[in-house]
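Peer 1: Take this structure first; my questions come after.
Protein chains: 2
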Amino acid sequence: MSEVAATGISVLLVDDHPIVRQGYRRVLESQGDLHVVAEADNAADAYGAFKAHDPDVVVLDISMPGASGLEAIRNIRARSPRARILVFTMHNEAVLVKSAFGAGASGFVTKSSEPSAVVNAIRAVARGERAMSDDIAHILAEDSLSSGSVLDQLGEREIEILRQFAGGATTEEIATHLNLSVKTVQNYHYLIKTKTGARTDAQLVRLAATCGLTKI
Amino acid sequence: MSEVAATGISVLLVDDHPIVRQGYRRVLESQGDLHVVAEADNAADAYGAFKAHDPDVVVLDISMPGASGLEAIRNIRARSPRARILVFTMHNEAVLVKSAFGAGASGFVTKSSEPSAVVNAIRAVARGERAMSDDIAHILAEDSLSSGSVLDQLGEREIEILRQFAGGATTEEIATHLNLSVKTVQNYHYLIKTKTGARTDAQLVRLAATCGLTKI
DNA sequence: TGCAGCTCGGGCAAATTTCCCAAGCCGGAT
DNA sequence: ATCCGGCTTGGGAAATTTGCCCGAGCTGCA
Chain W
1 MSEVAATGIS VLLVDDHPIV RQGYRRVLES QGDLHVVAEA DNAADAYGAF
51 KAHDPDVVVL DISMPGASGL EAIRNIRARS PRARILVFTM HNEAVLVKSA
101 FGAGASGFVT KSSEPSAVVN AIRAVARGER AMSDDIAHIL AEDSLSSGSV
151 LDQLGEREIE ILRQFAGGAT TEEIATHLNL SVKTVQNYHY LIKTKTGART
201 DAQLVRLAAT CGLTKI
Chain V
1 MSEVAATGIS VLLVDDHPIV RQGYRRVLES QGDLHVVAEA DNAADAYGAF
51 KAHDPDVVVL DISMPGASGL EAIRNIRARS PRARILVFTM HNEAVLVKSA
101 FGAGASGFVT KSSEPSAVVN AIRAVARGER AMSDDIAHIL AEDSLSSGSV
151 LDQLGEREIE ILRQFAGGAT TEEIATHLNL SVKTVQNYHY LIKTKTGART
201 DAQLVRLAAT CGLTKI
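In order, the protein sequences belong to chains W and V. Per UniProt numbering: the first sequence = residues 1 to 216. Per UniProt numbering: the second sequence = residues 1 to 216.
Printed below as a string of structure tokens:
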């Protein structure tokens with residue numbers, strides 16, 4: 001089955017770019033103990049491939065910040081809790097990293113990492129350990145220093161505006177509700193984004209949701 | 001306790017504006033059978049007030065589209081399933097109305113309704129019936145005609161773009177992922193909003209979430 | 001007293017959104 | 001066969017919003 005300790009570590013590659021998969025495959029295969037037993041080019045197929053090949057480690061690229069990558073992780077973990085998933089992506093937002101681990105990932109490595117860091121991470125998660133690249137560690141460390149919850153970075157006004165915004169209110173509506181100028185609300189909006197590190201309004205909304213600021 | 005059928009209907013008023021509460025109170029009290037036994041000026045205090053006075057009907061103004069009003073409803077209903085809650089607000093989005101009923105509200109009346117419609121709604125929910133003002137009924141009717149799930153209105157591409165957007169991806173990122181021009185994605189974005197009736201990106205995100213398109 | 005942080009808003013260039021429109025494609029209806 | 005309608009893809013132009021930078025008033029704290 002997957003007790004391939006003697007023969008090495010079997011890997012499922014999930015990435016939407018064939019070229020990238022080729023690169024991965026080459027790097028991994030050159031290690032001797034790592035064997036790419038399957039590939040998938042989208043998150044949706046990931047579980048099928050996983051079930052079919054039962055790899056020791058899934059190396060997954062969530063190219064998009066939010067959804068389907070995380071979904072794939074949850075998908076796999078929900079039905080095969082012993083699955084080890086290493087996320088390998090170019091994104092490095094603390095929120096995303098936490099989400100990934102929260103979804104059940106065992107490791108998180110950025111694309112800017114050394115190949116050696118990647119293969120070590122694969123070996124680590126195969127051993128059941130948690131792994132992450134140095135830059136990710138720094139991001140998380142930085143993040144944990146400055147925040148209990150992300151909300152702690154925000155003032156009252158900011159929180160109120162975030163709540164209303166995430167609740168679906170227009171900038172103008174918020175300005176009216178709070179008796180502020182539209183400009184001020186816009187500035188808060190921007191401030192909140194920079195403070196929380198959200199690059200997108202959508203990320204802001206899910207941030208508010210995960211912090212319990214709004215229910216969905 | 002709350003078996004006040006002989007003495008009329010006891011009401012808890014929840015609204016953040018004292019003036020508005022005064023107005024409500026005056027209107028309700030003038031009816032003879034309606035008695036305002038308590039008030040709360042925020043969603044958070046609503047449950048405390050409810051528990052303390054056990055009113056027949058809670059009249060609740062969720063001034064903000066999304067969150068804390070719905071939370072209050074769930075809060076009350078979760079611990080006192082026999083509670084009757086009448087939402088009274090200026091918002092009239094179909095999504096919001098459904099959410100309110102989904103959260104456990106018994107009625108939904110807009111601020112533009114006649115006072116008589118409001119008091120009738122209160123009596124109706126007190127009898128255990130469902131109640132809503134005419135405009136709300138129209139909105140919901142309109143909405144139900146055109147939609148099974150909101151997603152049925154959307155094509156594949158639209159759904160995919162909505163998913164990625166709600167997941168936190170930038171317009172440009174989506175364009176890259178799907179190999180489309182930024183312009184096209186922008187147009188889809190706009191189209192999706194008009195089709196779903198979402199006025200705000202945030203509403204779009206929570207729409208995607210409630211439809212199971214994205215997890216949060 | 002003085003610094004630091006929150007709140008509030010102006011300014012302005014750059015980017016995005018909002019609508020409206022056009023064209024190709026395809027499937028179903030006539 | 002043809003036409004209609006809907007999906008997909010994008011251009012164009014006006015209207016808004018964003019991204020940053022700045023200043024001012026206020027409060028609390030050292």
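Cβ atoms here follow ideal geometry from the backbone N, Cα and C, with glycine treated the same way.
Is it buried or exposed, W/N75, if we count other Cβ atoms within 10 angstroms and call 16 or more buried?
Peer 2: By the neighbour-count rule (16 or more Cβ atoms within 10 Å), W/N75 is buried.
Peer 1: Does the beta-carbon distance from W/F50 to W/L86 come in below 9 Å?
Peer 2: no
Peer 1: So, does the CB of W/F108 fall closer than 9 Å to a CB anywhere in chain V?
Peer 2: no
Peer 1: Taking the alpha-carbon positions, what's the V/S133 to V/V118 distance?
Peer 2: 8 Å
Peer 1: Relative to the C-alpha of W/G69, which residue among W/H91, W/D56, W/S80 and W/R82 is closest?
Peer 2: Of the listed residues, the one whose Cα sits closest to W/G69 is W/H91.
Peer 1: Identify the contact partners of V/G104 in chain W, using a Cβ-Cβ distance below 9 Å as the criterion.
Peer 2: In chain W, no part has a C-beta under 9 Å from the C-beta of V/G104; the shortest such distance is about 13 Å.
Peer 1: Quick one, which of W/K98, W/G48, W/Y188 and W/V11 has its alpha-carbon nearest W/Q31's?
Peer 2: W/V11
Peer 1: Can you list, in chain order, the residues of the region 148-162 of chain V whose Cβ is nearer than 7 Å to any Cβ on chain W?
Peer 2: none
Peer 1: Write down the C-beta distance between V/V37 and V/H53 rounded to the nearest angstrom, noting that I regard them as a contact closer than 8 Å.
Peer 2: 5 Å
Peer 1: List, in chain order, every chain W residue whose beta-carbon is nearer than 8 Å to that of V/A44.
Peer 2: By Cβ distance, chain W contributes nothing, its closest Cβ being about 12 Å from V/A44, past 8 Å.
Peer 1: Quick check: V/R25 and V/E39, are their CB atoms within less than 9 Å of each other?
Peer 2: yes
Peer 1: When the Cα of W/G168 is compared with those of V/A169, V/G212 and V/Q203, which residue comes out closest?
Peer 2: V/Q203
Peer 1: Report the three-state DSSP secondary structure of W/H138 (helix, strand or coil).
Peer 2: Reduced to three states, the DSSP call for W/H138 is helix.
Peer 1: Compare the C-beta of W/M64 with all C-beta atoms of chain V and state if any pair is closer than 9 Å.
Peer 2: Legend: pLDDT at W/M64 = 46, less than 50; position of this residue unreliable, value from coordinates given subsequently. Interface residue, yes.
Peer 1: Can a CB atom of chain W be found closer than 9 Å to the CB of V/V205?
Peer 2: yes
Peer 1: Report the rounded CA-to-CA distance for W/I161 versus W/T171, giving the unit in angstroms.
Peer 2: 9 Å
Peer 1: Taking 9 Å as the cut-off, decide whether the C-beta atoms of W/Y47 and W/R84 are in contact.
Peer 2: no
Peer 1: With V/L44 and V/I73 assumed to form a contact (beta carbons below 8 Å), what rounded beta-carbon distance in angstroms separates them?
Peer 2: Here residue 44 of chain V turns out to be Ala, not Leu, going by the sequence shown. With 8 Å as the limit, V/A44 and V/I73 do not qualify as a contact, their Cβ atoms being about 13 Å apart.
Peer 1: Smallest Cα separation from V/P115: which of V/I216, V/R127, V/F88 and V/Y190?
Peer 2: V/F88
Peer 1: How many Å lie between V/S146 and V/L140 at the Cα?
Peer 2: The predicted model places V/S146 with a pLDDT of 42, which falls under 50 and marks its position as unreliable; any figure quoted below should be read in that light. Distance between the alpha carbons of V/S146 and V/L140 is about 10 Å.
Peer 1: Look at V/T214 and V/A175 and say whether their C-beta atoms are less than 9 Å apart.
Peer 2: no
Peer 1: Using 9 Å as the limit for Cβ to Cβ distance, is W/P18 near chain V?
Peer 2: no
Peer 1: Start and end of the beta strand (DSSP E) containing V/A38?
Peer 2: L34 to A40
Peer 1: If the cut is a Cβ gap below 7 Å, which residues of chain W does V/D201 touch?
Peer 2: D201 and A202
Peer 1: Out of W/L28, W/D41 and W/Q22, state which residue places its alpha-carbon closest to the alpha-carbon of W/R123.
Peer 2: W/L28
Peer 1: Using a Cβ cut-off of 7 Å, pull out every chain W residue sitting near V/F165, in sequence order please.
Peer 2: A202
Peer 1: Consult DSSP for V/A124 and reduce its assignment to one of helix, strand or coil.
Peer 2: helix
Peer 1: Per DSSP, W/G48 is paired with what?
Peer 2: W/G48 is not bridged to any residue.
Peer 1: Put V/T170 into one of helix, strand or coil per three-state DSSP.
Peer 2: coil
Peer 1: Tell me the DSSP bridge mates of W/I9?
Peer 2: W/L34
Peer 1: From V/A121 to V/K111, what distance separates their C-alpha atoms?
Peer 2: 13 Å
Peer 1: When burial is assigned at 16 or more other CB atoms within 10 Å of the CB, is W/D152 buried or exposed?
Peer 2: exposed
Peer 1: Run through DSSP, which three-state label would V/I216 get?
Peer 2: coil
Peer 1: Quick check on the DSSP output: the beta strand (DSSP E) that includes V/I85 runs from which residue to which?
Peer 2: R84 to T89
Peer 1: Considering only C-alpha positions, which residue in the set W/L154, W/L34 and W/V57 is nearest to W/V125?
Peer 2: The shortest Cα separation from W/V125 among W/L154, W/L34 and W/V57 belongs to W/V57.
Peer 1: Could you tell me the distance, in whole angstroms, from the CA atom of W/E158 to the CA atom of V/L60?
Peer 2: 25 Å
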